[in-house]
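Visitor:
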Amino acid sequence: MGGDTLPTYYKGFIMSELIKLKKGDKIITRSKDSYEKNLVHWQFRGYEPIEDKPQEDKPKKTKKKKDD
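Following this note's numbering, the numbering of the sequence shown begins with 987 at its first residue and continues without gaps.
(1) Quick one: what does DSSP say E1003 is sitting in, helix, strand or coil?
(2) Which whole-angstrom value describes the C-beta separation of P1045 and K1006, a residue pair presumed to lie in contact below a C-beta threshold of 8 Å?
(3) Here's a check: name, in chain order, each residue in its chain whose Cβ is nearer than 6 Å to the Cβ of I1014, leaving out the five neighbours to either side.
(4) Going by C-alpha distance, which of G1032, K1052, S1020 and Y1021 is nearest K1009?
(5) Looking at the unbroken beta strand (DSSP E) that takes in E1034, where does it start and where does it end?
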């Protein structure tokens, strides 16, 4: 068996329970179970969970044409 080869049922299980952690500009992904077991460790290191919310679109500013 290859190192990256996982059965499809196992991939679905892992992918459904992932959590993203952020520290500054760095974002890492860990399993939710691992995060909950090591919560104090992640907080001590400065990581906090982020929610997958789409970023709000900023309204575009229009420039006025100068009359010559």
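Backbone N, C-alpha and C define an ideal beta-carbon position, used for all residues, glycine too. Since we're looking at a predicted model, the values are computed, not measured.
Guide: Inspection of the coordinates gives the following:
(1) Coil at E1003, not helix or strand.
(2) Contact between P1045 and K1006 fails: their C-beta atoms lie close to 28 Å from each other, not under 8 Å.
(3) So the list reads L1007, once near-sequence residues are dropped.
(4) Nearest of G1032, K1052, S1020 and Y1021 to K1009, Cα basis: G1032.
(5) Looking at the DSSP string, the run of the beta strand (DSSP E) that includes E1034 is E1034 to I1036.
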